[in-house]
Structure formats: C-alpha cells, structure tokens
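*Asks:* Dropping a structure here in structure tokens format, bear with me for questions.
Number of protein chains: 2
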Amino acid sequence: MTEIQPRDLASAIRFLSIDAIERVGEGHPGTPLGAADTVTALFTRHLRFLAREPLWFDRDRFVASNGHGSMLLYALLHLSGYEAIGLDDIRRFRELGSPCEGHPEFNPGAGIETTTGPLGQGIANAAGMALAEAYLGRWLGPDLVDHRTYALVGDGCLQEGVGQEVISLAGHLGLGKLTFLWDDNRMTDDGAIDLALSDDMSARFRLSHWHVQEVDGHDIEAVSTALLLAKADPRPSMIRCTTVIGRGLPGVEGTRAAHSARIPPSLSRAAREALGWPHGPFEVPEPVLSAWRAAGRRGAPAFEAWSRRAAALDPERRRRLDRLREGRLPDGWEAPLRAFAARAAREGLSQSGIALSAELVDQVAEAIPEMLSGAPDLEGATQHKRRLKPFTADDPSGRYVHYGIREHAMGAMMNGMAAHGGVVPVGVTYLVFSDYLRPTLRLAAMMKLPVPFVFSHDSIGIGRNGPTHQPVEYLASLRAIPNMLVLRPADAVEAAECWEIALANRTGPSSLIFARQPLAAMRREAGENRSRQGAYVLAEAEGGARRATLLATGSEVAVAARARDLLQQEGVPTALVSMPSWELFERQDEAYRRAVLAPGSVRVAVEAAVRLGWDRYVGEAGGFVGMSGYGASGAEDDLFAHFGITPERVAEEVRRRL
Amino acid sequence: MTEIQPRDLASAIRFLSIDAIERVGEGHPGTPLGAADTVTALFTRHLRFLAREPLWFDRDRFVASNGHGSMLLYALLHLSGYEAIGLDDIRRFRELGSPCEGHPEFNPGAGIETTTGPLGQGIANAAGMALAEAYLGRWLGPDLVDHRTYALVGDGCLQEGVGQEVISLAGHLGLGKLTFLWDDNRMTDDGAIDLALSDDMSARFRLSHWHVQEVDGHDIEAVSTALLLAKADPRPSMIRCTTVIGRGLPGVEGTRAAHSARIPPSLSRAAREALGWPHGPFEVPEPVLSAWRAAGRRGAPAFEAWSRRAAALDPERRRRLDRLREGRLPDGWEAPLRAFAARAAREGLSQSGIALSAELVDQVAEAIPEMLSGAPDLEGATQHKRRLKPFTADDPSGRYVHYGIREHAMGAMMNGMAAHGGVVPVGVTYLVFSDYLRPTLRLAAMMKLPVPFVFSHDSIGIGRNGPTHQPVEYLASLRAIPNMLVLRPADAVEAAECWEIALANRTGPSSLIFARQPLAAMRREAGENRSRQGAYVLAEAEGGARRATLLATGSEVAVAARARDLLQQEGVPTALVSMPSWELFERQDEAYRRAVLAPGSVRVAVEAAVRLGWDRYVGEAGGFVGMSGYGASGAEDDLFAHFGITPERVAEEVRRRL
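Right under this line is the structure:
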C-alpha cells in the first residue's frame, strides 16, 4: 500500500477504460483518460461517500455531466467498491444488459446519480441537487443534510444554452456547495475548440459570481488543493482543470481523434508502455485496488456518525426523515385536494384553469412541506407562488424559485431535485414554452423521476397573444413521450383529481395541462376519482341505445357537452366522454375501453389541437373537430368560431356520419 | 416641420401604442413606451430602409426580438410609411384579421422581418441574417449586399439559453454588422430583474468579443452617437440602453405593472398630460407624421443607387441576383440528385443513411452555391462538410458553419438566414438533439420558411450509445408540427428523392430523417420520384388478391420486406408499402390512398418508434411493430431482436389477424 502513488490510482481508471473500449470496439476514451487525474483527486480525498451505502441520504453527489465519457464513471464506481458495477459488467461495457451502458443511466444504487449524455443536462441536474440540498439543510437541519454536489464538466456542457443558463442562475442563487470540475482540454468532436468558441470562460463564471480557480488537471495535488479552497469559499466554485484529451494514448492524446477513438491492441500496448502499466487487460493490481477500495470506505466514519444522529432523532423528525428518504408523501396529503373537489362539485365552481391549479398547489403545499414550486418569470400569469417565500441566496428556506427566463434550466434543475430526493419539485410555464425544456421532459420520463410539470395557456383559448403563444401540436408531442403522464382536466373537479394522480405518480413525470380561460363546471359529483380511468362517460346517451359518442379533453369537454345537448334534442342518443389522460385510459381493460368508446357508435373527438393520435379512439370512420394548423391573434370566442371548434360543428360531424 | 423635436417622434410611437392597448384592453406597453426613444434614433437616423420598398434586397434588417412589445414595431412601421400597416390595422390591434397581431408575425412585405415572441429567437434570427449578409456580401459583392442587422433586445432574450449561445457564437464568428440595442429596463414580468439575475451583462458580451457601449436609452442623441460608433467598429455591437419601462405612464412607469399593464382612459389621459400630447386617440399631428414619413424615405437615394447598380449588372450576375431575390434555385439543381438516384437504383447502393445524405449534399452544394451547411459539433459523425470551407470571421465566403455545441442557436440562425433570403441553410444534428432546437422547428413551420433540417441517428439502430441517443418519440413529435414536412427515406433512391422534395419545398421546413446504419437497396428503378406521393406500393402482393399490407418507413422497410417474403412463401399475398412521408400521403386523393392502404387487407405497420399516429393507417384492427418505451445500450442487431422489430414478429402480427 505505501508505494502506491496517486498516479497509479489514475492509471487504474485509464486502463479499465482503455480495455473496455478496446474490447467493444467503440466508446469515448477522451474524457476517461483526460480527466482520470482530476477525478482521482476528488474521489480519493474529498468526495464524501461510502461505496457500500450508495443511497446514504447525506452523501455528496457526483455527476459526470459529459456522459459520453461514461467509462470514467464506471471505472470510478467499480474501483471504489460499488457492488453493482462489477468487473464483468465493465468487461461487458456497451453490451445489452450491462449496467455499463453507452452513457450513464440513472441508477443511484449503483452510484449513478443521473442520466447524462445530452450535454448541459448534467450540470443543470447538479445545480438542482445543490438547491435541494440547500433547502433540506435549512429545513431538516445541517445535522441531517450537509453535503456537496460535484460535476465533471466538458466543453459541450458549457457551450449549450442550458449550461449558460445554469451558470447564471446557480451564481445568482448562491449555491455555494456546488462545484464544477471543468475538464478543459480545448478539443471537441469537430476539432480544436477555437473552431467555435473564443469566450473567456473563466470570466464567464466570474461575472455570475462564481469562485474560479485554474489548475493543471493532471496535477492531483493541485486539484486537491483547489477542492479544499472551493469548500472554503461560500460561492459556487468552478475549477478549470487544464488537461490533455485522451492522455496516455501515444500519438492520439491531445488530438481530435481522441474524443471517440477506437483503440486497437497496438494502441493499448503503447499506452501501457507509455504509462508504465505492465498489467493485463482488466487487471487491477491488488495494492492499487486496495487503495481504491479504501477510498470507497473513507466516508464510513461520517456515515456512521450520521446514522447515529438519525437514530437518535425524536420520533417526529425520525419519521419525517424516513419518509423523505423513501420518497413518501406525508399522510393525508390528498385531503385538501379531495376537499377541494367536493366543494367544486357542490358549488359548480368555474374558474380559470391555471388559477385552479394555483389554488390546488397553494393548498397542497401546506400539506407537503417538501414541495418546491417555481416558474420562469411567469409568476403573475400562473400564480403558483401565493404564500410561498422565494428561495434566495440569503434564505434557502424559501420554497418558490424565480428561475428567470430560463425554462430549460428549470426543467433540468427539477430533474436534479427529484434525482436528489427529499423534495417534490413543481415547475410551471406556458405550454408553448414546454418546447424550451423538452429535452428535460424526455430525461425525466427515462429516469422515471416523479416530477409534476404544469403547463398553462393550453390552446387558442389564450386569445390575442397569437399563434406563437397558442399550442396546437403540444398535446400530441407530449403524448408521444414514453412514460410521460399527460393530464388535461376539464373542470375544477378533474383538476383536483389530476393533481392527486400527478403527485401519486412516483415512477415518472406528469404534464398537467391547464387552460388560461375559465373551465365550466362539468362534474357535479366528486366521490370517486374518475380521472384515474383516463376516460369515462361523463353523460350517458339518453332516450335509447347510444348512437353517438363525443370524446373531448380539457376546455373542449364543455364544447362537446353543448353538442351533445343539440344532438339529444334532435333525438340522437349521445354519450359524452371526458378523456383527461390517454395513458391512463390505455391501462384499463378492454371491456372498459369498449364500454367507454362504444366502437359501434358514431364517434367524434373534440380537442383544440392537432388530430394526430385521435384516430385510435374514433376509428377510421370517425370525426375530429380541432386544429389543422396554427392559431391566430384575436378574441377567444372569435378564434373558436373561426377555427370551427363549436358545438354546431361537432353536431354536424356526427350527423354526417349517422 | 422645423419645430418637430425627436421627442415628438418618440411620442407618436408611445401614443399609438397607448391608444391601441387601451382600445383592445390588453397588450404590453412596457417595451413600446420604454424603448420608443431608442428606436426613434435608429429609424430616423441610421436604419437604411425605404418604406415603400419593403423587400429591397439590400435593406438593413430590424428585428424586434422582444416580440411582446409588438405595438412598438407596428407604430414604427405605420409612422414611417409601410402601406401594409394602416391606421385602421393599428386600431384593430390584436383583433382577428389585423396584421397587428399580439406578437409580430413574419411578413416582410409589411416590414416584419421575423416572427418573435418566444424569447431569444429574434436575436438568434438576427445573427442568422447577419451571417447570410456576410456570406452574400462576399459572394455577390458589396455593391449588391452591404447592409446591417439590428435587433431590439429585452432581458428575456439575454437570459434564455439560446440568447447566450448566440452572444457567444456571433462574437466568435465576428458578425460585425450585427447590432443589439438592449432595452435595459431592469424589470421583468416577475418584478425587479435582480430576483433572478445578477450577471454583469456588459461583461458577458465583452468576453465574447463584442463592442459594448452603455447609454441613456431615452437620450436620442446619445443612442444615435452610439449607433455611429457601432457602425465604425468591426465587432458585433451591443448598445446597452438604460430605460424606464413603460416610460410616460404616470404611476406605472418603472414598475413591474408596466410590463403588461392595461391602460384605462384615466391613465392614457394622465400620460397625455405628462408628455404634453394634446392629441386625440390615434391622432398623429401632421408635422410629426410628415417627419416620420420623411424618415421612411431616407433610404431612397441609396435604394435608387443600388437599383441602378443592379440594372447595370452583366446578364449573368443579374440573373443570379434576380434568382436569389425570388428564392429560386439555379436551373438544373435537381440533376445531381436524379443522377445519384439512377446510379443507386442501378447499382443497388447500400450505405449508411447519413452518409447518403452527406454525399447528396456534397453534390447538390456544387449546384446550389447559396447553400450553407453546418452542424453543432457533429461534423465527423454527419459528414456534411466535405469539400466546403468553414465560414469564419476572417473568411465569410466559407459555406460550412461550425455552430459549436449549440443546437438551439443553429436552428434559430437557420431560420434567420431563410428569412433574410438569398441563402439556403442546411443544418444537421442527431435526431435526439432536435428537441434542443425544437422551438425553432415550430417557428420555421409557422413562418413557412424553406429550411431543410437533417436529423441523423434516427432509432435504436445507432446501437451502443444507448437510450439517451436513441429517438423513439421523435417521428411522432415532428409529424405533430403543422407545416413540417417529415421525410424518412428507406434507401439511397428515396434519399435522393426526399432531398429533391425538401429543396423544392419553398413554403415550409422539412425534416430529413436518416439512419446511421446502412440502408439496404430497396428500389431498383428511379425514373419517377415516387416519394412525392408520400407512400407507394413498393412490392405488390403476388399470387392472388392482396390479403396483407405492410407499411414501413426508413430502415424498417427492409424489415418489412423480409416479412413480406416470409408471408408470400406461406401463400399470403402481401403488399409492401414504403411511406417516407405522411404529410405528402395525406395530400393524395382518396382513391390513391385507398389503393395503397387497401383497407380490406390485414395491415401492420413497422417503424422503430412509438405507435402514436399509425392507427390512422392500420385501422383499429391493425397491428404495429415498433417501440413502446426507451431503447437500450447494445449492438444494433441485439437491440432489434430485443425489442422484437424483426421480420418474424411482423409476419406473426399478420398471421394473428388473417
């Protein structure tokens, strides 16, 4: 043990990476080889973790934001003793079934804190983790939550807009326990970084009030000292680690080719020669492995002290901590939602859709103190702040985040908060701006993170702001995302039901879609959460066997209801189906689905959006009343008339088919 | 005329804005009132334009990037004499049918150079315009193209990631004729800007090599001097114009409320009092209007000189100029594509999908010298540079843009280039990263801009990079965008056909979707562009009346073809339909569509993506073989087998339904 040098530890990372990439014939050696020294400094001396307790609530988080360098992370995790990443898994790097996938996939039990690959996401996730930590540290107390978040960052993460947003916002919010290690290798996939960048990046961080240091990223002592200073500084820290991409691959290091070079046997032999690593493929000499495993146990005393503190908590704090660790909401959290639904049904409450959501969130936020709300500069229009204090650099106990005009950072930070655990992030913006954060919706769904996104101003019903602000394709494009639960409530009762569904959904994100305009009262009973079935018969056909079925969502349920009245008056027994969620409806059994859809009846769907997907429910002979192109600027009523989304038109579509 | 002061000119903007917003009961007075002085300096003294010739090819471009302040633009255009924006149109601000929509909608004949509203897009469009100008100025000569691009910029544009990307890239590319006028009013919708921002924004621009000036935005002389200095400096310029939001609304100016305040009659009266404007609603006193109209004619001598130069061109340059102004491609541009298709059909060419696109673009770029290609740091993987030189600050004659790792800026700059006219932008990235630029796809479609986007690496077929890099929902989400032409060719012949369709599509964007893996040769004849029909019978059922129809796109046409072989061997007459474009298929008449789909047959669709939308073509009894969730990391063949996208499975789905 005594003879082991830090550079041997880094070599172990390099050669596991080289061997794995050589074996499968592809991968990205540039980062694992270039940043091996930098992360060795972090993992062996600073990162507070315990490999055998990967889910320790108060562990430091490490995010490999430049996910293409995934072998770096797998090597680190294997070497430091995470059981879930065995040597055989590394041998099977990039093979189907190996946890060592092409890019890191969220797997906290294996030490993989978030999914990375799409650039910029990881550092924004890390900022979200740091925000969650700051809030929890204040709320639960620093005896339970007091840890740091580190991210290894590549050039791509910093060029991406979402990365730039996060630099700005993390500095503004004073997330002082966040540290970026920038692997500054001046090389991108296209070649030298100055092909596309000439910014002074250190200055970029400084003007957003970051603590900036510049070190030789291959000098483990220098990196270690910088990490010490970062911890001592109250600001978020960026450590610019100058490195050589692909360090250790003779003839390739420092070149564009290193980014995603194949490694033939001759090159891995040459690397062994160059770095003095006489060991065979996937062989880590015992003293090196021992040193790494010792690093993976460095956190044991801290973990044990923390566990003792947790065990000694008074019962109430203990219950709360356990609940948060397990991601359970407080008992009775549904009560305000159900009470609201009952009152709305009783009173026939009609109100702006987004205002309904705001009122529901206001009430449920009382019941769920770990809920953190926020919006990208749309507090006034979406009203989800209400009684919440802002989260600020000075007061991290605030529960409303003013994200600024940075939708993408909001989405990615929400994902980071959810991946961190212990908090329930809620973010609100206009539905049209969901495209700005769409990459984060996909990642939340892929990571199965319980994140409720609220999207308001959901159709031409917004009126005069015009087509740029009128979603038409968004319901379809959200429904296209696997594991995204899309909920578009028709009225106040369904709004409460859908919020309950969204908060209860612990295996993926939800998109709650709200109209800006008032939603008429459709449901006058609220005993059972009918939205859970995804679609249900809101009004059955009367006066005979059902001849027509109208399907609608959200604000168009009221349009369909008036069409049903017209048809019933004409003697056409017509059922009205409210369909707040396609995904939930697809989970029902076939008998139920047939009973709702009545395939023998004439079916017409009504939704102020594009038709894509509706053919599944209306059949080839069915009709659709909605949008076929973009909206226009005008009064709400004028627009619905102009685009023909009217009860008369719906009734006509039915008549034509009878 | 002699008594007219610059402040009277600005007052005319303010009161048209106040009156229009008062009348309709909503709007955003903050910007029109706050920035009135700043833009008065620009329009009356510097902007080179001629209101009666809005389409003058060599006019300066002005982009109102903070589109919510749309009345500012309408007031400017009306006052300076654009015929398409009459006083009645302004009276009908935000009414259905008025060209004065809630946000500016692309309408160059009316002086609206691009659609703005989603923040950050406008300044990125402006950068694209400046890039187009730089290229054309070098290629056509400064006698024909030598103009500047100005953008009025709000805080939102600068906070958005896409804005940050553009600051960085425009500085790097040295777009010296680009000038931003930042309406620095320190107020956002949520309130004071320091709620969410504490960056030193001047420093932000400087570190990206911009020329930065700071002036009082209400001092017309100071702004004018700054504009002079901006023109003299070779760098892109940012003029920080300190202003008071809603300037002129007593009790409201300078507050959060000014951003989108309603204006009751009492407030407009108070404003008239405060600014000394005794005129009635929508009344512009003659001397003020005359001064504005004179400003709108300031460009006449320059226009006439330019027209004389254009008229005196030798015939070849003249033809080229006319062609570019009219957005026509050179005669015979299709020839290389057709020759390629013929050769591919003859030789049975099988090649990587994206390499096919690269080869086609390489050839067609010879025929279309105004084609500007580029990618966000994926030159190596997508190969669309080939023989093109890079566009750089030193050499704007280059035709390949290294956008850096900035997909969003790429998309928005491409839109700006297309809106500018005279160039054909082509941008290439992985299909999964289309989400990063998705807001720009929508705007291209809404603006009807002829922009070909190339999206590569289109399915699990990419293999080991794993689920983050494997699109599954993207075909559906692109098909959801109205006026987006989605093209997914099956082989080399269709690749050439689809490129021809995309370049011929002058009324909207196209998404050309390519596999990374080789596409087998499916078509062995290439006389007629069959992709134009959207879907066609590639192989008719044999040995009897058609009993089954297999529908597929892209790389899955080969899977379906093998399934057809299995079924034919079993005696099931089966047709194979290749369906490169749903949108084009929808344009065919019903008889053709029925002949292709054969609704009486068993129909099964095959696409390595989600099912959403396919029910329209396979019917309620139809089958689908594709993806229902995210992919995985592994070898391509293992993945297709793992997810059951195989000929055997397709045949089985048919058999079950026979």
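As you go down the protein sequences, you meet chains Z and S in turn.
Under UniProt numbering, the letters of the first sequence match residues 1 to 658, in that order.
Under UniProt numbering, the letters of the second sequence match residues 1 to 658, in that order.
Cβ coordinates follow ideal geometry from the N, Cα and C atoms, glycine included.
Is A632 of chain S buried or exposed, if buried means 16 or more other CB atoms sit within 10 Å of its CB?
*Replies:* Result: buried.
*Asks:* With DSSP as the reference, identify every bridge partner of T549 of chain Z, one or two as the case may be.
*Replies:* Note: T549 of chain Z sits in a beta bridge opposite Z:A575 and Z:R603.
*Asks:* Closer than 8 Å by C-beta to A539 of chain S: which residues in its own chain qualify, once you throw out the five before and the five after it? Chain order, please.
*Replies:* Within the same chain, A539 of chain S has close Cβ partners A561, R564, A575 and L576.
*Asks:* Pull up the distance between the alpha-carbon of L658 of chain S and that of V602 of chain S, whole angstroms please.
*Replies:* Spanning the two alpha carbons is a distance of roughly 7 Å.
*Asks:* Under 7 Å Cβ to Cβ from R204 of chain Z, same chain only, skipping five residues before and after it: list those, please.
*Replies:* So the qualifying residues of the chain are I167.
*Asks:* How is M1 of chain Z classed by DSSP in three states: helix, strand or coil?
*Replies:* In this predicted model, M1 of chain Z has a pLDDT of only 43, less than 50, meaning its place in the structure is not dependable enough to derive any value.
*Asks:* Does any C-beta atom of chain Z lie closer than 7 Å to the C-beta of I245 of chain S?
*Replies:* Not one chain Z Cβ lies under 7 Å of I245 of chain S.
*Asks:* For L33 of chain S, I'd like the list of residues in its chain whose CB is within less than 6 Å of its CB, leaving aside the five on either flank, ordered along the chain.
*Replies:* Same-chain partners within the cutoff: R14, G246, R247 and G248.
*Asks:* Using alpha carbons as the reference points, say which of S:S434, S:G254, S:R298 and S:A342 lies closest to A495 of chain S.
*Replies:* Per the Cα distances, S:A342.
*Asks:* Taking the alpha-carbon positions, what's the A151 of chain Z to H147 of chain S distance?
*Replies:* One C-alpha to the other measures close to 44 Å.
*Asks:* Taking just the CA atoms, how far does M371 of chain Z sit from S357 of chain Z?
*Replies:* When rounded, the distance between both Cα atoms is 14 Å.
*Asks:* Comparing alpha-carbon positions, which option in Z:A412, Z:I354, Z:E359 and Z:A226 lies nearest A339 of chain Z?
*Replies:* Per the Cα distances, Z:E359.
*Asks:* Which chain S residues sit within Cβ distance under 9 Å of P599 of chain Z?
*Replies:* Going along chain S in sequence order, the residues near P599 of chain Z (Cβ under 9 Å) are E620.
*Asks:* Compare the C-beta of M1 of chain S with all C-beta atoms of chain Z and state if any pair is closer than 7 Å.
*Replies:* No answer about M1 of chain S holds up, because its pLDDT of 42 lies below 50 and its placement is not dependable.
*Asks:* I believe I354 of chain Z touches P376 of chain Z by the beta-carbon criterion, under 8 Å. Please report the beta-carbon distance rounded to the nearest angstrom.
*Replies:* In fact, because the Cβ distance is near 15 Å, the residues do not count as touching under 8 Å.
*Asks:* Please name the residue, chosen from S:P250, S:H209, S:L267 and S:L431, that lies closest to I21 of chain S on a Cα-to-Cα basis.
*Replies:* When each option's Cα is compared against that of I21 of chain S, the closest is S:L267.
*Asks:* Who are the Cβ neighbours of residue 660 of chain Z in its own chain at under 6 Å, not counting the five residues just before and after it?
*Replies:* One cannot answer for residue 660 of chain Z here, as it falls past the ends of chain Z, which runs 1 to 658.
*Asks:* With C-beta atoms as the reference, is A608 of chain Z less than 7 Å away from I460 of chain Z?
*Replies:* Going by C-beta atoms, A608 of chain Z is nearer than 7 Å to I460 of chain Z.
*Asks:* 7 Å is my cut-off, CB to CB: does V162 of chain S come that close to chain Z?
*Replies:* Chain Z contact via Cβ: present.
*Asks:* Going along chain Z, which residues have a C-beta under 7 Å from P439 of chain S?
*Replies:* Here the neighbours are D435 and Y436.
*Asks:* Terminal residues of the continuous beta strand (DSSP E) containing T429 of chain S?
*Replies:* Run containing T429 of chain S: G427 to Y430, per the beta strand (DSSP E) assignment.
*Asks:* Taking the alpha-carbon of A192 of chain Z as reference, which of Z:E253, Z:H420, Z:V284 and Z:G463 has the nearest alpha-carbon?
*Replies:* Looking at the Cα atoms, Z:E253 is the closest of the given residues.
*Asks:* 7 Å is my cut-off, CB to CB: does S208 of chain Z come that close to chain S?
*Replies:* Interface residue, yes.
*Asks:* Taking the alpha-carbon positions, what's the residue 662 of chain S to V537 of chain S distance?
*Replies:* It is not possible to answer for residue 662 of chain S, since the shown part of chain S is limited to 1 through 658.
*Asks:* With a threshold of 7 Å between beta-carbons, can N66 of chain S be considered close to chain Z, or not?
*Replies:* Not one chain Z Cβ lies under 7 Å of N66 of chain S.
*Asks:* Report the rounded CA-to-CA distance for M1 of chain S versus S11 of chain S, giving the unit in angstroms.
*Replies:* Any reading at M1 of chain S is ruled out, since the residue's pLDDT is 42, under 50, leaving its predicted position unreliable.
*Asks:* Three or more C-beta pairs closer than 8 Å, one from the segment 63 to 74 of chain S and one from the segment 313 to 322 of chain S: is that the case here?
*Replies:* Output reads no: the segment 313 to 322 of chain S does not touch the segment 63 to 74 of chain S.
*Asks:* Since F455 of chain S contacts L487 of chain S with CB under 8 Å, what's their CB separation in whole angstroms?
*Replies:* About 10 Å separates the two Cβ atoms, so there is no contact after all.
*Asks:* With a threshold of 7 Å between beta-carbons, can L612 of chain S be considered close to chain Z, or not?
*Replies:* Closer than 7 Å to some Cβ of chain Z, the Cβ of L612 of chain S qualifies, so yes.
*Asks:* Report buried or exposed for R308 of chain S, applying the criterion of at least 16 other Cβ atoms within 10 angstroms of its Cβ.
*Replies:* When all chains shown are included, R308 of chain S counts as exposed.
*Asks:* Can you pull the chain S neighbours of D155 of chain Z, defined as C-beta to C-beta under 8 Å?
*Replies:* Neighbours of D155 of chain Z on chain S, chain order: I405.
*Asks:* Contact between the segment 633 to 640 of chain S and the segment 577 to 588 of chain S is defined here as three or more beta-carbon pairs at a separation below 8 Å; is this criterion met?
*Replies:* With the cut-off at 8 Å, the segment 633 to 640 of chain S and the segment 577 to 588 of chain S do not touch.
*Asks:* By the criterion of Cβ-Cβ separation under 9 Å, what are the contact partners of Y150 of chain S in chain Z?
*Replies:* In chain order: nothing, as chain Z lies at least about 21 Å away.
*Asks:* Return helix, strand or coil for R240 of chain S, following the three-state DSSP convention.
*Replies:* Reduced to three states, the DSSP call for R240 of chain S is strand.
*Asks:* Compare the C-beta of L96 of chain Z against all C-beta atoms of chain S and say whether one is closer than 7 Å.
*Replies:* Yes, contact with chain S.
*Asks:* Using a beta-carbon distance below 7 Å, is S168 of chain S in contact with chain Z?
*Replies:* S168 of chain S counts as touching chain Z.
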